[in-house]
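**Student:** Residue numbers (this note's numbering): 836 to 986.
Beta carbons are placed, not taken as given, at the ideal position from N, Cα and C, and that holds for glycine.
For clarity, every value in this text was computed on a predicted model and none was experimentally measured.
If you scroll down you'll find the structure; I have some questions about it.
Next comes the structure, spelled out in structure tokens:
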């Protein structure tokens, strides 16, 4: 029997996320399908890429915030992306996001307030999908049409 060469075969990352706490009440899966999750770079996979050039792969929202995902750790569910709490877009920033904690959150006051995944979101460059009023992380290329300051 011939020996298989697995050295150059693409690695299939296992997704071992915690069970969803509010899936039935939310009415849809919190996490994207496995194929979409595998398309998201792993944590630190976009280091060195200016914020405006990163690809946003998923958007989550609640009445009190928005989270845009650009990197994802398949083992822990932790992510990296841009987030805003409250209504002031200028206060949003890039950082790490605990997706299992967001999935399990439910407001104790008033109507149920789950964090939901934007089911109609299509991956796109950050400069196209992040809120217009945010602080921008521009690249250093003076000729970059994406990061060029507005006239």
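How many angstroms separate the CA atom of residue 974 from the CA atom of residue 959?
**Tutor:** Residue 974 and residue 959: Cα-Cα distance of roughly 18 Å.
**Student:** Taking the alpha carbon of residue 979 as the point to measure from, which residue in 968, 962, 970 and 966 has its own alpha carbon closest?
**Tutor:** Closest option to residue 979, Cα to Cα, is 962.
**Student:** What is the rounded straight-line gap between the Cα of residue 852 and the Cα of residue 936?
**Tutor:** Going from the Cα of residue 852 to the Cα of residue 936 covers about 12 Å.
**Student:** At the level of alpha carbons, what is the spacing between residue 986 and residue 889?
**Tutor:** Per-residue confidence for residue 986 stands at a pLDDT of 42, beneath the threshold of 50, marking its modelled position as unreliable; no derived number is given.
**Student:** Return yes when the Cβ of residue 924 is within less than 8 Å of the Cβ of residue 886, no when it is not.
**Tutor:** Going by C-beta atoms, residue 886 is not nearer than 8 Å to residue 924.
**Student:** Restricting to runs no shorter than 4 residues, where is the alpha helix (DSSP H) found entirely within the segment 864-900?
**Tutor:** Within the segment 864-900, the complete alpha helix (DSSP H) runs of at least 4 residues are 869-874.
**Student:** Just reading off the beta strand (DSSP E) that residue 920 is part of, what are its end residues?
**Tutor:** Start and end: 913-920.
**Student:** Give the DSSP-derived three-state secondary structure of residue 935 in the structure shown.
**Tutor:** Three-state DSSP puts residue 935 in a helix.
**Student:** Taking only three categories from DSSP, how would you classify residue 952?
**Tutor:** Looking at residue 952 - three-state DSSP - the assignment turns out to be strand.
**Student:** Could you tell me which residues DSSP puts in a beta bridge with residue 967?
**Tutor:** Note: residue 967 sits in no beta bridge, so no partner.
**Student:** Spatial neighbours of residue 982 within its chain, please: C-beta separation below 6 Å, excluding the five flanking residues on both sides.
**Tutor:** The residues are 887, 973 and 974.
**Student:** On the DSSP bridge assignment, give the partners of residue 960 in chain order.
**Tutor:** In the DSSP output, where bridge partners are listed per residue, residue 960 has 890.
**Student:** Return helix, strand or coil for residue 860, following the three-state DSSP convention.
**Tutor:** Helix.
**Student:** Are the segment 947-954 and the segment 862-869 in contact at 8 Å, needing three or more beta carbon pairs?
**Tutor:** The answer is yes - the segment 862-869 touches the segment 947-954, with three or more Cβ pairs under 8 Å.
**Student:** Given residue 901, which residues of its chain have a CB within under 6 Å of its CB, disregarding the five upstream and five downstream residues?
**Tutor:** Contacts found: 919.
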